[in-house]
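J.: So for the sequence shown, this note's numbering puts the first residue at 40; every next one is plus one.
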Amino acid sequence: TGNTPEVSTVDAMLDLIRNMFPENLVQACFQQYKTTREEVELSEEPGTNSTEATVTAIMTTAISKNKTKEYKVVGMYSDGINVLGLIVFC
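1) Nearest-angstrom Cα distance between Gly124 and Tyr116?
2) I need the boundaries of the beta strand (DSSP E) containing Gly114, first residue and last residue.
3) Hey, out of Val112, Val46 and Gln71, whose CA is closest to Arg57's CA?
4) Under the rule that 16 or more other beta-carbon atoms within 10 Å means buried, what is Asn63, buried or exposed?
5) In chain order, what residues of the same chain lie with their CB nearer than 7 Å to the CB of Val79, ignoring the 5 residues before and after it?
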């Protein structure tokens, strides 16, 4: 736990298609397109007033917080030769 989840199969297939037809041939000699996932910071719960504070303090001891994480898909170029794009171009 603690690591970001693996990229899905659909994202990997789309990366292959994107790398087959590079935007810039010179860039394809040095970089390849890669999809990653970044964790999204969740906003804190809204503040409570003083009358709710005592009730909330009692209830939080019995209720556990939701521990799910949200991720957003981010496309970026990573270092490495885009061999697939160069072969398709030739």
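Using N, Cα and C, we set each Cβ at its ideal position, and we do this for glycine too. The structure displayed is predicted, hence computed values, not measured ones.
T.: According to the structure data:
1) 13 Å
2) Glu109 to Asp118
3) Gln71
4) exposed
5) Glu109, Tyr110 and Lys111
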